[in-house]
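Structural data, given as structure tokens:
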């Protein structure tokens, strides 16, 4: 039996992803390990006892007792502004997890994979990409990454490096860089038809992003003939 | 014992004697929801009081808006620990709505569009303690805050102030509502910190 | 974009405090309309004052979870059954 407990986590490293997002690497003694796609709950406690908690996706496979979270600041948020602006290396938070056994990719899986990310929904999908690379899996992955403009790209450098068996399509919704033929706009049927796998390949589809994005993308996948049980979704607020 | 995160303060600021125990002041107006936001156009809106003798008093939007209104300024306290001072509302006192209602019931079950319910003793709705409001801060009440009309009972935790209110059922026996059947306190007095069942 | 609801993946931590297995991967059946699907696909409102999980088909309440100090209240009245995959 596994009992879910709060663990002390100390910030070990900060990596800036964009103007509003950063990756936090926490050291969590006796971290039990996790699957790609799982998340953790983070709890902050103020000196007067006030607490706030929020869930974040793990951004990659565990490296011993080090775990990575990528956090986008929410303008009206309470936890995320602390994590993106205030916390420094050496500070502590409490962390509980890993949790979630449905929106996960397992390295032993043989089905081709379509990943569909809306904005910061890339985080758990990046964990799957990294887990695939770490496991030496040859399962073909295709990522469709919808984002406002190129400055919003997380993990930009890592995703630029060639990763055999991983194809990436960037779908810019507001402004596309010069040289990109696709006009800026929301995800459409053609995007998924061209950048994903045909339904006849029976790929596992993972969709993560804001609620509206996830619903639109999942509907398009259904329209392309993908079986509902092969479409896994995760929404965030 | 929780571990303290250095530099974390949250968005609250604690304050003086207008703030019940365990509460923090906020300036914004957090929105908490237990389901999709109902959209009720005023021409389909109706408010009813159903008595224990199965008599129903009904008001259409037009009839409701024709009733004498008040503009209470009150402090509100949410069980999730935020308190907002000096909120201004406009609406009809429950005393006005109960004027012609004959009842010996002791309990009230508030029910809302969307299925939400909450319970309280009838006396907590009377004597200038509760209103059905349709304006907040000088503006029409937004759907996310309970528009077109919500109950406010500011002396109890704010979950008793049902959004999208549709009616009040008067009962001889107490009938716990949505949160009251899921661990929250049956009465919910913020000054006695009655948050959870057993507090 | 303001999201009104999350999904059942958000129940993993709070339910993980109560159950030894991951319930979000289990298949539940709605007591109101009979729709079956993974708990992870439910529409979840909250987390405050409590988590309310609704059926994506009919919007009826499937599950409610309130966490107080030292106590959790779990209401599963909207669920006919849960199918949980377990290792042998």
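Protein chains in written order, with my numbering: chain V, 1 to 237; chain G, 1 to 199; chain A, 1 to 88. Backbone N, C-alpha and C fix where the C-beta goes; we use that ideal spot for every residue, glycine too. All of these numbers come straight from a predicted model, not from anything done at the bench.
Restricting attention to 52(G), 64(G), 118(G) and 56(G), the CA atom closest to the CA of residue 133(G) is found in 64(G). Residue-level contact by beta carbon fails for residue 153(G) and chain A, as no gap is shorter than 8 Å.
Of all residues in the region 160 to 182 of chain G, the ones placed with a Cβ closer than 9 Å to any Cβ belonging to chain A are 178, 179, 181 and 182, in chain order.
Residue environment for residue 141(V): buried (at least 16 other C-beta atoms within 10 angstroms of its C-beta). Here the C-alpha atom of residue 190(V) lies approximately 11 Å from the C-alpha atom of residue 171(V). For residue 93(V), at least one C-beta of chain G is nearer than 8 Å to its own C-beta. Distance between residue 55(V) and residue 227(V), taken at the CA atoms: about 29 Å. For residue 104(G), the three-state secondary structure derived from DSSP is coil.
With distances taken between CA atoms, residue 116(G) lies nearest to 36(G) out of 94(G), 140(G), 138(G) and 36(G). Inclusion of residue 24(A) and residue 36(A) in the CB contact set at 8 Å is not warranted, their separation being larger than that value. Taken through DSSP and simplified to helix, strand or coil, residue 119(G) comes out as strand. The alpha-carbon separation between residue 12(A) and residue 44(A) amounts to approximately 11 Å. Contact check for residue 141(G) against residue 188(G) fails: the beta carbons are separated by 8 Å or more. The beta-carbon of residue 6(A) is placed less than 8 Å from the nearest beta-carbon of chain V. At a cut-off of 8 Å between beta-carbon atoms, residue 18(V) makes no contact with chain G. When 75(G), 99(G) and 146(G) are compared, the shortest CA-CA separation from residue 88(G) is found for 75(G). Contact between residue 133(V) and residue 68(V) is absent: CB atoms are separated by about 14 Å, not below the 8 Å threshold. With fewer than 16 other Cβ atoms from the protein chains shown falling within 10 Å of its own Cβ, residue 201(V) counts as exposed. Within the same chain, and ignoring the five residues on either side of residue 4(A) in sequence, no residue has its Cβ closer than 6 Å to its Cβ.
Residue 128(G) and residue 161(G) have their alpha carbons spaced roughly 14 Å apart.
By the Cβ test, the region 177 to 192 of chain V is in contact with the region 211 to 227 of chain V, since at least three Cβ pairs between them sit closer than 8 Å.
Beta-bridge pairing by DSSP links residue 90(G) to 135(G). With contacts defined as CB atoms closer than 8 Å, residue 126(G) and residue 95(G) qualify as a contacting pair. With a cut-off of 8 Å on Cβ pairs, the region 170 to 178 of chain G is not in contact with the region 27 to 34 of chain A, counting fewer than three such pairs. DSSP links residue 70(G) through a beta bridge to 91(G).
At a cut-off of 8 Å between C-beta atoms, residue 233(V) does not count as an interface residue with respect to chain G. Inter-residue distance for residue 168(G) and residue 50(G) is about 6 Å (C-alpha atoms, whole angstroms). Under DSSP, residue 232(V) forms a beta bridge with 206(V). Taking residue 218(V) as the centre and dropping the five residues before and after it, the same chain places the C-beta of 207, 231 and 233 closer than 7 Å to its C-beta, in chain order.
Along the region 93 to 119 of chain V, the positions whose C-beta sits under 7 Å from a C-beta of chain A are 96, 97, 99, 100, 101, 102 and 103, read in chain order.
Here DSSP, grouped into helix, strand and coil, assigns residue 10(V) to strand. Interface criterion met: the Cβ of residue 38(A) is under 8 Å from a Cβ in chain V. If only complete runs of 4 or more residues are kept, the region 103 to 164 of chain V shows the alpha helix (DSSP H) at 122 to 135 and 156 to 160, in order along the chain.
Residue state for residue 25(A) is assigned as helix, using DSSP reduced to three classes. Secondary structure note for residue 219(V): it is in no beta strand (DSSP E), and the uninterrupted alpha helix (DSSP H) holding it is 211 to 223. For residue 4(V), DSSP assigns no beta-bridge partner whatsoever.
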